[in-house]
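Heads up: the structure comes next, in structure tokens.
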């Protein structure tokens with residue numbers, strides 16, 4: 240059977256809380272897993288007192304050595320689990336929509352700002368022709 | 078045009094030479110014979126002659142620095158006589174001078190420091206006076222030099238306002254290093270004890286550490302150089318309290334240690350209208366300049382000295398003051414430990430910043446659940462345990478809010 244690294248939802252209504260678990264793919268979401276690798280609290284916490292940047296934060300507890308092991312023996316992370324594991328460098332990041340979009344925008348603007356040097360290209364083309 | 082390029086050697090020297098040596102008579106023969114040479118004319122000019130005259134006359138005294146004294150131009154007059162020496166004074170031969178030096182070894186530079194600091198307190202002044210007295214007593218039997226005056230500490234004769242400031246002597250540096258590294262004194266404590274600023278104590282400790290490492294590695298040190306330079310500079314001596322003759326003496330302060338550092342925010346002039354009824358303290362003044370600026374009382378390097386003085390004035394006994402100081406030190410150490418702990422905790426977690434929030438990854442161990450997987454120490458929501466939130470006596474209203 241396929242092993243999956245996935246999230247199991249706990250917590251109350253409007254207060255989600257996830258266990259990051261290794262389980263057989265066909266078992267129920269909240270059934271007892273093979274192993275609990277960690278937790279993921281998706282509700283952002285207010286910035287910590289000592290934090291100079293003052294950014295909210297989400298807490299993730301993870302046994303990264305164990306996660307590496309399970310990935311190594313062929314456990315398949317779900318999309319969300321993949322996103323979390325790729326943040327600590329266990330997996331290659333897969334879902335980089337924002338980055339890709341930004342790259343596209345950059346490339347577009349670069350293409351727009353580029354003025355095609357017409358005369359030089361024509362000349363070089365003619366020279367190539369002569370040489371040929 | 079067929080004109081050849083003008084070579085620099087063909088250009089008359091009046092064009093190439095600098096204006097300072099232009100008025101010399103133009104003699105072309107040596108230039109022609111040495112066309113390959115770029116060196117300017119080797120004729121003896123007036124300036125050159127004067128330079129050699131000075132070098133062999135008045136300047137000769139500077140070649141071999143006086144033992145235990147600075148070697149500045151300002152100490153000599155135009156004719157090469159030492160200004161502070163008595164009229165009949167003659168410079169001794171080297172061997173004699175050395176003998177005299179060893180028999181009457183007095184920490185040098187003690188006489189160099191007083192002019193550097195205006196704020197020397199009474200006790201210290203008396204110590205220095207004693208030292209000077211000792212020196213003058215020694216002078217009576219031999220033709221020793223009087224101590225250096227402020228005039229002698231001017232390396233640049235044309236700049237009357239520049240006075241050479243004393244540097245730390247080698248013994249003092251070693252003592253500072255030992256106090257911090259071996260005895261484990263804090264930098265600020267060492268700073269107070271030796272009268273050397275916090276920054277300088279830190280620098281001394283770092284450099285000494287490096288020196289020891291180099292010695293351990295077997296690297297060669299430029300010791301003769303440093304010795305020669307230190308011999309010609311005014312230095313702050315180290316008063317070793319373990320020696321019997323130094324009993325009751327206080328260390329000579331190297332510099333003012335509690336000077337307020339000028340914060341860039343306070344460089345502007347401010348006019349803040351304040352109602353007469355309002356108390357405007359130094360704390361408010363600090364805030365007026367910048368919201369993040371601490372008041373001057375807290376920005377000085379050694380606020381504890383001010384506090385100690387305040388306690389002394391308020392009439393507390395020595396024991397009480399000592400207890401208070403110890404309490405303060407303990408509190409400070411606890412604070413430092415707490416900070417250290419927090420820093421280490423922060424190091425354990427790994428923060429990945431996202432667009433709107435940070436993801437904080439904390440490393441845990443799956444082993445904590447125990448062999449049966451039911452230990453409450455394990456990570457995550459537990460399986461097979463009912464929630465206790467419907468139980469009696471569960472308080473759901475938060476009792477504390479972290480701000």
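Residue numbers (the numbering used here), protein chains in the order written: chain A, 240 to 371; chain B, 78 to 480.
Don't be surprised by glycine CBs; every beta carbon is placed ideally from N, CA and C.
Owing to the predicted nature of the structure, the values given are computational and were not obtained by experimental measurement.
- Chain B places a beta carbon closer than 9 Å to that of residue 296 of chain A, counting this residue as a contact.
- At a beta-carbon threshold of 9 Å, the residues of chain A lying near residue 455 of chain B are 275, ordered along the chain.
- Of all alpha-carbon atoms in B/354, B/349, B/378, B/353, the one lying nearest the alpha-carbon of residue 364 of chain B is that of B/349.
- The beta-carbon distance between residue 232 of chain B and residue 150 of chain B, rounded to whole angstroms, is 7 Å. This is short enough to meet the 8 Å contact definition.
- Counting the other CB atoms within 10 Å of its CB gives residue 345 of chain A a total below 16, which places it among the exposed residues.
- Counting other Cβ atoms within 10 Å of its Cβ, residue 129 of chain B stays below 16 and is therefore classed as exposed.
- Here the alpha carbon of residue 442 of chain B sits roughly 40 Å from the alpha carbon of residue 404 of chain B.
- Chain B has no Cβ within less than 9 Å of the Cβ of residue 317 of chain A.
- Not a single C-beta of chain A is nearer than 9 Å to the C-beta of residue 462 of chain B.
- Out of B/437, B/370, B/255, the CA that lies nearest to the CA of residue 283 of chain B is found in B/255.
- Sorting B/378, B/147, B/458, B/385 by C-alpha distance to the C-alpha of residue 274 of chain B places B/378 at the top.
- In the DSSP annotation of this structure, the continuous segment of the beta strand (DSSP E) that includes residue 251 of chain A starts and ends at 242-251.
- Boundaries of the beta strand (DSSP E) around residue 299 of chain A: 296-301.
- When C-beta atoms of the region 280-300 of chain B are compared with those of the region 352-360 of chain B, fewer than three pairs fall below 8 Å, so the two segments do not count as touching.
- For residue 277 of chain A, the secondary structure class from DSSP, reduced to helix, strand or coil, is strand.
- If you draw a straight line from the Cα of residue 475 of chain B to the Cα of residue 285 of chain A, it comes to about 15 Å.
- Between the C-alpha atoms of residue 287 of chain A and residue 435 of chain B there is a straight-line separation of about 11 Å.
- Under the DSSP assignment, residue 319 of chain A falls in the alpha helix (DSSP H) whose first and last residues are 318-326.
- The Cβ-Cβ distance between residue 342 of chain A and residue 241 of chain A does not fall below 9 Å.
- Close to residue 449 of chain B, with beta-carbon spacing below 8 Å, lies no residue of chain A; the smallest spacing is near 12 Å.
- Per the Cβ contact rule, the region 143-160 of chain B is in contact with the region 223-240 of chain B (3 or more Cβ pairs under 8 Å).
- Contact check for residue 278 of chain B against residue 253 of chain B passes: the beta carbons are separated by less than 9 Å.
- In the structure shown, the three-state DSSP call for residue 222 of chain B is coil.
- Chain B places no beta carbon closer than 9 Å to that of residue 312 of chain A, leaving this residue out of the contacts.
- Residue 430 of chain B is bridged by DSSP to B/435.
- For residue 252 of chain B, the enclosing alpha helix (DSSP H) has its first and last residue at 247-254.
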